Amino acid sequence: MAELTKKKVFGRPSSLKESAFHFCPGCHHGVVHRLVAEAVDHFKLADSTVAVIGVGCGVFLYDYLAVDCCEAPHGRAPAVATGIKRVNPDTFVLTYQGDGDLAAIGISEIIHAANRQENITVIFVNNSLYGMTGGQMAPTTLPGQKTTTTPAGRKPRGDGYPMQMSELIASLPGSVFVARAACHTPAHIRQAGKAVRRAFSAQLEGRGFSMVEFLSACPTNWRLSPEEALRFIEEKMIPVYPLGIFKDELT
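Using this note's numbering, read the sequence shown as starting at 41 and increasing by one per residue.
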């Protein structure tokens, strides 16, 4: 019998710290962290990256990603990232933001950063509500979705429609790569990883603003099991937030 050889096919990215994630069971922040770490390793950027972290559940990125991190005031991560990148143009600068941070209090910052064609990369985690503060309605909350501030379900008239941030940012001339991905199946995770590397390439080539939006589960505030939350993404979120690449000017 031929001797079997062992080949390592999966492991922890070197830029991901050996720390146990504290996120709720079924949350996708840990998956997104890993995909960012894999891209950092792929381009060998660990020693030249600054991650600017917004306010929300993703604020603890510095506990897990082995790069320099800077926490920004609520919604101001694109402004802080702009300053860092302009002063240190050889530094790879990314922001890590949730939907409340980016699409509510920080919507002006993200629009103007994209419109100025700032050479930064944005990782946007959309779980359709405010996760850290108790599950209130966010700009991304779905029509009819129940939250602590919309107990009868979000009504577009009066509460507004969901903000489709990827489509909005893609419409601006200064953005060069914009994609929306998800993490609820292995195939979608692989596609998301490709989108993150593509967004990193946009900055490394000096092309301008890039963003990857992730549809992320929040089983705790959705009041669903982790398994039910995966179905919620597929059946409820994707029809409102279709996946795909909305802009790619790197070709």
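By construction, the Cβ of each residue, glycine as well, lies at the ideal position given by its N, Cα and C atoms.
In this text, all values refer to a predicted model and were calculated from it rather than measured experimentally.
Which one or two residues does DSSP pair with residue i in a beta bridge?
i	result
Ile124	According to DSSP, which records beta bridges pairwise, Ile124 is partnered with nothing at all.
Phe61	Answer is none; Phe61 lacks a bridge partner.
Glu111	Ile93
Thr135	Val92 and Val162
Lys287	Val218
Tyr170	Gln176
Leu105	Leu56
Whole angstroms is fine: what's the gap from residue i's alpha carbon to residue j's?
i	j	result
Gln137	Cys64	18 Å
Ser54	Tyr102	15 Å
Ile209	Phe83	25 Å
Arg87	Ala178	Note that residue 87 is Asp in the sequence shown, not Arg. Taking the straight line from one Cα to the other gives about 35 Å.
Tyr104	Gly98	10 Å
Gln310	Pro226	Residue 310 is absent from the model: the chain starts at 41 and stops at 291.
Cys258	Glu43	46 Å
Ala232	Pro279	18 Å
Arg230	Leu212	27 Å
Ala221	Asp108	25 Å
Gly214	Lys46	47 Å
Gly94	Val218	19 Å
Glu149	Gln157	12 Å
Val92	Thr122	10 Å
Glu207	Ser59	35 Å
Leu85	Glu245	14 Å
My assumption, with CB atoms under 8 Å, is that residue i sits in contact with residue j. Please give the rounded CB distance.
i	j	result
Phe254	Leu264	Not confirmed; about 18 Å, so no contact.
Unbroken beta strand (DSSP E) runs of length 3 or more, entirely within the segment 196-278: which are they? Runs of the beta strand (DSSP E) inside the segment 196-278: 215-222 and 249-255.
Counting Cβ pairs, one atom from each stretch, are 3 or more of them under 8 Å apart for the segment 180-195 and the segment 121-136? The segment 180-195, when compared against the segment 121-136, does not touch it at the 8 Å Cβ threshold.
With a cut-off of 8 Å, do at least 3 Cβ pairs link the segment 109-129 to the segment 137-147? With a cut-off of 8 Å on Cβ pairs, the segment 109-129 is in contact with the segment 137-147, counting three or more such pairs.
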